[in-house]
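Peer 1: Supplied in structure tokens, the structure appears directly below.
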Amino acid sequence: MSKPRVAIFDFACCEGCQLQIVNLEEDILNLIELVDVVEWREAMSEQSHEYDIAIIEGSITREEDAKRLEVIRSRAKILIALGACATMGGVNKMKNNFDLNEVRECVYGEDGKMAHLHTEMTQAVDEVVEVDFKIPGCPINPAEFAQIIRSLLLGKTPFVPDYPVCVECKAKENICRYEYNEICLGPVTRAGCDAPCPSAGWRCFGCRGMVENPNVEAAQEVMEKYNLTVDDLKQKLVLFNTK
Amino acid sequence: MCNCSNGQKDIYLPELCTITKRRMLNGTELYLHLEKESGEDFDYVPGQFVEVSIAGIGEAPISISSSPTQKGLELVIRNVGSLTKAIHKLEVGDKLGVRGPYGSTYPIEESKGKDLVFICGGIGLVPQRSFIRYALDNRQDYGKITVLIGTKCHDMRLFREEIALWEDRKDMIVRETIDEAHECWNGNVGVVTTLIPKIESDLPTSQVLVCGPPIMYKFVLMALAEADVPESQIYVNLERRMKCGVGKCGHCQMNDQYVCQDGPVFRYSDLALVPEAI
Amino acid sequence: MSVSTVTKEQFKQFVSALVDSDQSVIGIQAKDDKFAFGELNNADDLRLDYDVSILPPKKYVLPQKETLLSFEVGGDSQTVQNTAPAVLIGVHPYDMIAINQMDELFRQGEYDSHYMNRRNNLTIIACDVVTPSKNVFASSMNTTTAESGFDIMLTDIGDAYVVEAATEKGEALVKQMPGAVEATPDAVSKRNAAREKNETALDQHKLDCKPAFLPKLLEKAYEHPIWEEKARLCYSCGSCNQVCPTCYCFDVQDEVEWDMKSGCRYRAWDGCLLQNFATVAGNHNFRQKRADRFRHRLYRKGKYVPGKIDGEIACVGCGRCITACTSKIANPVEIYNALMTETEIG
Chain A
307 MSKPRVAIFD FACCEGCQLQ IVNLEEDILN LIELVDVVEW REAMSEQSHE YDIAIIEGSI
367 TREEDAKRLE VIRSRAKILI ALGACATMGG VNKMKNNFDL NEVRECVYGE DGKMAHLHTE
427 MTQAVDEVVE VDFKIPGCPI NPAEFAQIIR SLLLGKTPFV PDYPVCVECK AKENICRYEY
487 NEICLGPVTR AGCDAPCPSA GWRCFGCRGM VENPNVEAAQ EVMEKYNLTV DDLKQKLVLF
547 NTK
Chain B
811 MCNCSNGQKD IYLPELCTIT KRRMLNGTEL YLHLEKESGE DFDYVPGQFV EVSIAGIGEA
871 PISISSSPTQ KGLELVIRNV GSLTKAIHKL EVGDKLGVRG PYGSTYPIEE SKGKDLVFIC
931 GGIGLVPQRS FIRYALDNRQ DYGKITVLIG TKCHDMRLFR EEIALWEDRK DMIVRETIDE
991 AHECWNGNVG VVTTLIPKIE SDLPTSQVLV CGPPIMYKFV LMALAEADVP ESQIYVNLER
1051 RMKCGVGKCG HCQMNDQYVC QDGPVFRYSD LALVPEAI
Chain C
5 MSVSTVTKEQ FKQFVSALVD SDQSVIGIQA KDDKFAFGEL NNADDLRLDY DVSILPPKKY
65 VLPQKETLLS FEVGGDSQTV QNTAPAVLIG VHPYDMIAIN QMDELFRQGE YDSHYMNRRN
125 NLTIIACDVV TPSKNVFASS MNTTTAESGF DIMLTDIGDA YVVEAATEKG EALVKQMPGA
185 VEATPDAVSK RNAAREKNET ALDQHKLDCK PAFLPKLLEK AYEHPIWEEK ARLCYSCGSC
245 NQVCPTCYCF DVQDEVEWDM KSGCRYRAWD GCLLQNFATV AGNHNFRQKR ADRFRHRLYR
305 KGKYVPGKID GEIACVGCGR CITACTSKIA NPVEIYNALM TETEIG
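Chains as they are written, first to last, in my numbering: chain A, 307 to 549; chain B, 811 to 1088; chain C, 5 to 350.
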């Protein structure tokens, strides 16, 4: 059986998720034993129009990007959205909360009027084309990426948890941020990252998106128990969970 | 880490069995016949299940469809997830991991001398077939045997040739129905409960064995109550999420009952204090 | 079996010698302003005055993630057993009782060799509580002292420990303690006084009935509105399950190596509060509602598990779930007490 051909593409993003693939280090060699990487701008110069699996990093913010993505979709048998920007719009999507002209002026000043800086509202990849599989995270967890890729190559639905980060955070015996009356998005955020942020003394930033059935109705009452408000919570949610 | 187990057998360790026959029963259900590599026969009682696995893909509980009166183990596997999809790709001669059998059994002894009524919905026929075949192979031990089979649509019908053979037998009654009318079907149309009033056995003294999708139980049990069947003569064969199969992992628990150990076959009267069951 | 005393300094020397041996030593240590069990590298790090550990010591008999089998993909599997001995120092009585319960649950019916091997390879040096934690209610659960399961029980009596050896393994360890002498009646009475004090002092929450009454109480409480009232705020995050010393539900998954030929089947802690705990293939969820899952945990602790272990209540009053619950709804005492006042039987 010939190896599946894989192409990796990037759109509006920091390319950090691809960097996480590079960060697999010697496991990269294991990966290319299993697949033919035929296009990957961040790591090689070759390009190809023939691939089985397309991995997409980044969100879609321009008309021409949407068209390019549609072409990729038509060529790929399996399309994987990689990282927060691709799976849900990510940090880029925060701008959708504002007037786009204001955002441009705020970021670029006068230069914002230059044509190549023109962008539209941010869309996640699945808002433009059909996505077969999502690998969440900002950035992705390389160990999870590896596990997901191996599962897919085995023909098995990868195990991506639909329970909150709290499960992994508790398993690592971290001290809950709420014990210090700090907002943490762990209780509503999908696990699979192994809780690196709370393990390092930070709160969960919610970069993997919400679990399938988050208890949003509970927010107000629960926040009050910590002398916090829903607005405090919303402020934290906007970073990754702008709809 | 070492690989010894201090002489205690590992309850999670599967035994490889060989696929000796395979065929599709319909578009999604695969029939498998398995034999042990050792040549030994499987030791089980109708109603029990096994944990089936492919190393690397996973493990799942599967009802036994054969009767211990025949050689080998027969399973029917619906293509619903990664594991079952991988099992569907296996050929005769390929191997499957098997643990078990586990769980409670149909009342094969207690039912002797009594009429048996099997009510099967969809793949509920699969485990029921184990007791049906057992009863047919020990025909003199049981009274009248009635089998009611309800299937969602014509294309999903299971064991068609075997059911045709059952229908030809003089010593059992088989009634089949499908939920949705179909041009190739001139039999009964409607849910399986519509067949209950047509049962010829004396229901209040029969053993009634029910297996089907969760939604079916409520209606069948209501119909049986109307027909004055005592709850102690009704047996249900339940499905739950299961991981370990041996009463540890907690997934299959319904109130204080473990489907993997106290079930899958329950006497309905024993479920009076188990509201999560039906 | 023997009851001795050692000075704290002598006990530290004993621990130091253990740490320096090739034996694996696990001890209770500070983790920021809390405490956690971990590999002990220095006897000075041992904190027997701790209040409660973030996770219970069950992680040494039922690890968060544990390999059960190694296999060839699509082929044969082999059992993987952990047989490395370890000494676990600082287990509180309520946690000891929880481990005793799990021992019975993993031993009964089908014998779980993975759990039992870990358990049999563990030498447990338990200790009576010195500092009550902020949510402990062991006094209500009759779990302030433990009678079995440990090899040694330590009680802090000021400048010394009373050391009770309960097994041959324990006796052998006491022999290694420099300066251990038979406990004087005075030391024993100080120990008894410390235990007597704990009988009422570990009581940040007070259960209004005897724990043995809980199964009966729950018989009448299944449809009580409290399940809905509390679970309304439940995030289904499973934190109460994860930190519980008597929760032992697990999930099983397969993982393959990069060679795509070898791999392992492992189990990992699961929790009945999690949304898909009871979801079967085809997506039917047998415990879809938050309130149903919330109720299930309290019934498991107060009624279902007791039915499997001779009526022993499977809540040991450690209070960890109360601390861990973001929504502050998990307190078993609050719930059981509400049922006491509001159901006929109460």
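All C-beta atoms, glycine included, are put in the ideal place defined by N, C-alpha and C.
Taking contact to mean at least 3 C-beta pairs separated by less than 8 angstroms, is the segment 64-81 of chain C in contact with the segment 118-127 of chain C?
Peer 2: Yes, the segment 64-81 of chain C touches the segment 118-127 of chain C.
Peer 1: Compare the C-beta of B/C812 with all C-beta atoms of chain C and state if any pair is closer than 8 angstroms.
Peer 2: Looking up residue 812 of chain B in the second sequence gives position 2. Residue placement at B/C812 is flagged as unreliable, the pLDDT there being 38, under the threshold of 50; a coordinate-derived value is accordingly withheld.
Peer 1: Under a CB-based cut-off of 8 angstroms, is B/A896 close to chain A?
Peer 2: Translated into the one-based positions of the second sequence, residue 896 of chain B becomes position 86. By this cut-off, B/A896 is an interface position.
Peer 1: Strictly under 8 angstroms for the Cβ-Cβ distance: is B/N996 near chain C by that measure?
Peer 2: Your numbering for residue 996 of chain B matches position 186 in the second sequence. Not closer than 8 angstroms to any Cβ of chain C, the Cβ of B/N996 fails to qualify, so no.
Peer 1: If contact means a Cβ-Cβ distance below 7 angstroms, which residues of the segment 447-469 of chain A contact chain B?
Peer 2: Those residues of the segment 447-469 of chain A that come within reach of chain B (Cβ to Cβ, closer than 7 angstroms) are L460, G461, K462 and T463.
Peer 1: Compare the C-beta of C/L237 with all C-beta atoms of chain A and state if any pair is closer than 8 angstroms.
Peer 2: On the third sequence, residue 237 of chain C is found 233 positions in, with the first residue counted as 1. Answer yes: the Cβ-Cβ gap between C/L237 and chain A drops below 8 angstroms somewhere.
Peer 1: Would you list the residues sitting across from B/F852 in a DSSP beta bridge?
Peer 2: As a working mapping, residue 852 of chain B is identified with position 42 in the second sequence. B/F852 pairs with nothing; no bridge assigned.
Peer 1: Could you tell me the alpha carbon to alpha carbon distance between A/R456 and C/K16, rounded to whole angstroms?
Peer 2: Numbered from 1 along the first sequence, position 150 holds the residue referred to as residue 456 of chain A. Numbered from 1 along the third sequence, position 12 holds the residue referred to as residue 16 of chain C. Approximately 49 angstroms, taken between the alpha carbons.
Peer 1: For the putative contact between C/Q105 and C/E316, defined by C-beta atoms under 8 angstroms, what is the C-beta separation to the nearest angstrom?
Peer 2: Counting from 1 along the third sequence, the entry for residue 105 of chain C is found at position 101. Counting from 1 along the third sequence, the entry for residue 316 of chain C is found at position 312. With a Cβ gap of about 6 angstroms, C/Q105 and C/E316 count as contacting.
Peer 1: Closest Cβ-Cβ distance between B/G866 and chain A: below 8 angstroms?
Peer 2: For the purposes of this step, residue 866 of chain B is taken as residue 56 along the second sequence, with counting starting at 1. By this cut-off, B/G866 is an interface position.
Peer 1: Apart from the five residues just before and just after A/L534, which ones in its own chain have a Cβ nearer than 8 angstroms to its Cβ?
Peer 2: Locating residue 534 of chain A in the first sequence gives position 228, counting from the first residue. Taken in chain order, the residues that qualify are N487 and I489.
Peer 1: Any contact between the segment 335-345 of chain C and the segment 230-241 of chain C? By contact I mean 3 or more CB pairs, one from each, below 8 angstroms.
Peer 2: Yes: at least three Cβ pairs fall under 8 angstroms.
Peer 1: Hey, could you find the ends of the alpha helix (DSSP H) B/W976 is sitting in?
Peer 2: In the second sequence, counting from the first residue as 1, residue 976 of chain B sits at position 166. Where B/W976 is concerned, the enclosing alpha helix (DSSP H) stretches over R970 to D978.
Peer 1: Got a sec: which bits of the segment 517-545 of chain A sit with their beta carbon under 8 angstroms from any beta carbon on chain C, in order along the chain?
Peer 2: Of all residues in the segment 517-545 of chain A, V517, E518, N519, P520, N521, E523, A524, E527, V528 and K531 have a Cβ within less than 8 angstroms of some Cβ in chain C.
Peer 1: Taking 8 angstroms as the limit between beta carbons, can you name the residues of its chain near C/Q33, skipping five residues before and five after?
Peer 2: Locating residue 33 of chain C in the third sequence gives position 29, counting from the first residue. Only F39, A40, F41, G42, L44, D49, L50 and R51 meet the Cβ criterion.
Peer 1: According to a CB-to-CB cut-off of less than 7 angstroms, which residues of the segment 51-68 of chain C neighbour chain A?
Peer 2: Per Cβ criterion, the list reads I58, L59 and Q68.
Peer 1: Who are the neighbours of B/G891 on chain A, taking C-beta pairs under 8 angstroms?
Peer 2: Counted from its first residue, the second sequence places residue 891 of chain B at position 81. Those are T463, listed as they occur along chain A.
Peer 1: Who are A/W346's beta bridge partners in DSSP?
Peer 2: Here residue 346 of chain A is taken as the residue at index 40 of the first sequence, counted from 1. Its beta-bridge partners are A/I314.
Peer 1: Is there a Cβ of chain C sitting closer than 8 angstroms to that of A/C503, yes or no?
Peer 2: Counting from 1 along the first sequence, the entry for residue 503 of chain A is found at position 197. By this cut-off, A/C503 is not an interface position.
Peer 1: Where does B/I1009 sit, in a helix, a strand or coil, going by DSSP?
Peer 2: Taking the first residue of the second sequence as 1, we reach residue 1009 of chain B at position 199. Correct three-state label for B/I1009: coil.
Peer 1: Let me confirm a value: A/K309 is counted as buried when at least 16 other C-beta atoms fall within 10 Å, else exposed. Which label applies?
Peer 2: Residue numbering aside, residue 309 of chain A sits at position 3 when the first sequence is read from its first letter. The residue in question, A/K309, is exposed, as its Cβ has fewer than 16 Cβ neighbours within 10 Å.
Peer 1: Measuring alpha carbon to alpha carbon, tell me which residue in C/V320, C/F281, C/S6 and C/Q257 is nearest C/L73.
Peer 2: Looking up residue 73 of chain C in the third sequence gives position 69. Comparing Cα-Cα distances from C/L73 to each of C/V320, C/F281, C/S6 and C/Q257, the minimum goes to C/Q257.
Peer 1: Determine, for B/G907, whether the minimum Cβ-Cβ distance to residues of chain C falls below 8 angstroms.
Peer 2: The residue labelled residue 907 of chain B in the question sits at position 97 within the second sequence. Yes, B/G907 lies at the interface with chain C (some Cβ there is under 8 angstroms from its Cβ).
Peer 1: Out of B/D904, B/F941 and B/R909, which one is the CA nearest neighbour of B/E920?
Peer 2: Here residue 920 of chain B refers to the residue found at position 110 of the second sequence. Ranking the options by Cα distance to B/E920, first place goes to B/F941.
Peer 1: From A/Q326 to A/D333, what does the alpha carbon distance come to, in whole angstroms?
Peer 2: Reading the first sequence from its first residue, position 20 is the one you call residue 326 of chain A. Reading the first sequence from its first residue, position 27 is the one you call residue 333 of chain A. Cα-Cα distance, rounded: 12 angstroms.
Peer 1: Which of the three DSSP states, helix, strand or coil, is assigned to C/Y303?
Peer 2: Here the question's residue 303 of chain C lines up with position 299 in the third sequence. Here C/Y303 sits in helix by DSSP.
Peer 1: Can you pull the chain A residues whose beta carbon is under 9 angstroms from the beta carbon of C/D296, in chain order?
Peer 2: Taking the third sequence and counting its residues from 1, one reaches residue 296 of chain C at position 292. Going along chain A, no residue has its Cβ under 9 angstroms from C/D296, so there is no contact; the nearest lies around 14 angstroms.
Peer 1: Relative to the C-alpha of A/G443, which residue among A/A501, A/V341, A/A318 and A/D342 is closest?
Peer 2: Counting from one through the first sequence, the residue named residue 443 of chain A turns up at place 137. When only C-alpha atoms are compared, the closest one is A/A501.
Peer 1: What does DSSP give as the partner residue(s) for C/P249 in the beta ladder?
Peer 2: For this step, residue 249 of chain C is matched to residue 245 along the third sequence. DSSP output for C/P249 lists no bridge partner at all.
Peer 1: Excluding the 5 residues flanking B/F1029 on each side, which residues of the same chain have their C-beta closer than 8 angstroms to its C-beta?
Peer 2: Taking the first residue of the second sequence as position 1, residue 1029 of chain B is located at position 219. Only V1001 and T1003 meet the Cβ criterion.
Peer 1: Output yes if chain A places a C-beta closer than 8 angstroms to the C-beta of C/S266; else output no.
Peer 2: Residue mapping note: residue 266 of chain C aligns to position 262 of the third sequence, counting from 1. False, the Cβ-Cβ gap to chain A never drops below 8 angstroms.
Peer 1: Can you give me the C-alpha to C-alpha distance between C/Q208 and A/R509, rounded to a whole angstrom?
Peer 2: For the purposes of this step, residue 208 of chain C is taken as the residue at position 204 of the third sequence. For the purposes of this step, residue 509 of chain A is taken as the residue at position 203 of the first sequence. When rounded, the distance between both Cα atoms is 29 angstroms.
Peer 1: Between B/E1010 and chain C, is any beta-carbon pair separated by less than 8 angstroms?
Peer 2: Working through the second sequence from its first residue, we reach residue 1010 of chain B at position 200. No, its Cβ sits nowhere closer than 8 angstroms to a Cβ of chain C.
Peer 1: Please report the residue range of the beta strand (DSSP E) in which B/F1076 lies.
Peer 2: Position 266 of the second sequence, counting from 1, holds the residue named residue 1076 of chain B. It spans V1075 to R1077 - the beta strand (DSSP E) in which B/F1076 sits, taken as one unbroken run.
Peer 1: Among residues of its own chain, excluding the 5 on either side of B/R949, which ones have a beta-carbon nearer than 7 angstroms to its beta-carbon?
Peer 2: Working through the second sequence from its first residue, we reach residue 949 of chain B at position 139. Taken in chain order, the residues that qualify are D981.
Peer 1: Pairing CB atoms from the segment 1022-1042 of chain B with CB atoms from the segment 978-995 of chain B, are three or more of them under 8 angstroms?
Peer 2: Not touching, per the Cβ criterion.
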